[in-house]
Structures are given as C-alpha cells and as structure tokens.
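**Student:** Quick one: structure below, then a few questions.
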Amino acid sequence: MDKEIISTNRVKAFLTDNIEKFAGFVNQVIHDEEFLKCVRELLPFDGVAYASMNVLPEKQVVKKMGIIIMRMDMEPSLFSLAVTITIDRGNNEKPHDISVFLIACKTIEELQEYVNGDKFREEVIEQCGNKTICDDELLQKIASLDIEGEE
Numbered sequence: 003m004d005k006e007i008i009s010t011n012r013v014k015a016f017l018t019d020n021i022e023k024f025a026g027f028v029n030q031v032i033h034d035e036e037f038l039k040c041v042r043e044l045l046p047f048d049g050v051a052y053a054s055m056n057v058l059p060e061k062q063v064v065k066k067m068g069i070i071i072m073r074m075d076m077e078p079s080l081f082s083l084a085v086t087i088t089i090d091r092g093n094n095e096k097p098h099d100i101s102v103f104l105i106a107c108k109t110i111e112e113l114q115e116y117v118n119g120d121k122f123r124e125e126v127i128e129q130c131g132n133k134t135i136c137d138d139e140l141l142q143k144i145a146s147l148d149i150e151g152e153e
C-alpha cells in the first residue's frame, strides 16, 4: 500500500477520535450550571456563549474545536448551536476559524438532548470532514505532518 494512503487514513481516524472527545466535552459544557447561566442571560441575536477545547498536538492543522450558542428568541427561550473549528495551515499564515450552525430554534433542554445523541456526533464528524478533510491541499499537509511526526 501507498504510505500516503495509510497516513491519510490514520489522520482521519485520529480526527474522528478527537471529534468523539469533543462531543463529550460539549455534553459536559452544555450541562454546566455556570455556562447555562451565561446562556440564559443572553439577549436574542446580541452576543453568544462560547466554549472551546484544544484537540490536536502542536504539529497538526486543526488546533481547536468549540461550540457557540446564540439566543434566537426570548419567549419561548430558543437557541441555536454552532460548531467552530480553528485551522492553522502553517507557512506563517494566520489561523482561521470556521463556524457551522448545526441546529436552530431549540430550547436548552432540546440542545442538551441533541448533544447526547448520535445525530450530533454524526453531524460534527460530517462538518469537520467537510471543512478539513475534503480539502485536498489541506489533506496533503495533514498527511505530511503526520509522516514528519513519525520520524
């Protein structure tokens, strides 16, 4: 087998493992009383609640993943949830964030139920795959970093 294909498959598996850790992190955050207090104090479309975690070692391209919760309406209290990904392409380029809204106009309880389910994990994996793995140039960079890390 081609070493590049093996390396690429290992990187995809590594990202998937970290996305699962991220889903656990999100579940913990969205049930945290301090975070929920911050979320409940938001006004519609006026600021967001944000939490993030570092996901990969220093040599990798994806640096952080996080969630954003935005209030959509006061009564009933409805919120939207987005996933953010911070990508560092190296070469002295400034890291950039990608945000993708996954679900909108739900109560906190519905968001908590959503992040506990398989659908959330599947959508996070899909969105991260669409934003990071499907970019061939980025995929080649990830693969080369993975190979360099083994030496």
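Counting in the numbering used here, the sequence shown runs from 3 upward without gaps. For glycine and all other residues, C-beta sits at the position ideal for the given N, C-alpha and C.
Give the range of the beta strand (DSSP E) segment to which Phe47 is assigned.
**Tutor:** Along the sequence shown, read from residue 1 onward, the residue named residue 47 stands at position 45. Taken as a continuous stretch (DSSP letters only), Phe47 belongs to no beta strand (DSSP E), as it is neither H nor E.
**Student:** If you draw a straight line from the alpha carbon of Asp19 to that of Met72, how long is it in whole angstroms?
**Tutor:** Locating residue 19 in the sequence shown gives position 17, counting from the first residue. Locating residue 72 in the sequence shown gives position 70, counting from the first residue. Those two C-alpha atoms are separated by around 27 Å.
**Student:** Check the DSSP bridge columns for His98 and list the partner residues they point to.
**Tutor:** Translated into the one-based positions of the sequence shown, residue 98 becomes position 96. Answer is Ile89.
**Student:** Give the straight-line distance between the Cα atoms of Arg42 and Ala53, rounded to the nearest whole angstrom.
**Tutor:** One-based indexing of the sequence shown puts residue 42 at position 40. One-based indexing of the sequence shown puts residue 53 at position 51. Roughly 15 Å between the two C-alpha positions.
**Student:** Helix or strand or just coil, what does DSSP make of Asp19?
**Tutor:** The residue given as residue 19 occupies position 17 in the sequence shown. Three-state result, Asp19: helix.
**Student:** Tell me whether Asp99 is buried or exposed, calling it buried when 16 or more other Cβ atoms sit within 10 Å of its Cβ.
**Tutor:** The count along the sequence shown starts at 1 and reaches residue 99 at position 97. Flag for Asp99 reads exposed.
**Student:** Going by beta-carbon coordinates alone, are Ile87 and Val64 separated by less than 8 Å?
**Tutor:** Within the sequence shown, numbered from 1, the residue matching residue 87 stands at position 85. Within the sequence shown, numbered from 1, the residue matching residue 64 stands at position 62. Yes, these two residues count as a Cβ contact at 8 Å.
**Student:** Over the uninterrupted alpha helix (DSSP H) stretch that includes Val117, give me the two end residues.
**Tutor:** To locate residue 117, count along the sequence shown from 1; it is residue 115. Element bounds for Val117: Ile110 to Asn118.
**Student:** Nearest by alpha-carbon distance to Glu111: which of Lys23, Ile32 and Lys96 is it?
**Tutor:** Start at 1 with the first residue of the sequence shown, and residue 111 comes out as number 109. When each option's Cα is compared against that of Glu111, the closest is Ile32.
**Student:** Measure the alpha-carbon distance for Phe103 versus Phe47 and round it to whole angstroms.
**Tutor:** The count along the sequence shown starts at 1 and reaches residue 103 at position 101. The count along the sequence shown starts at 1 and reaches residue 47 at position 45. If I take the Cα positions, the gap works out to 14 Å.
**Student:** Could you work out which residue in Glu22, Ile127 and Gln114 is closest to Glu35 when comparing CA atoms only?
**Tutor:** Position 33 of the sequence shown, counted from the first residue, corresponds to residue 35. Checking every option, the nearest Cα to that of Glu35 belongs to Gln114.
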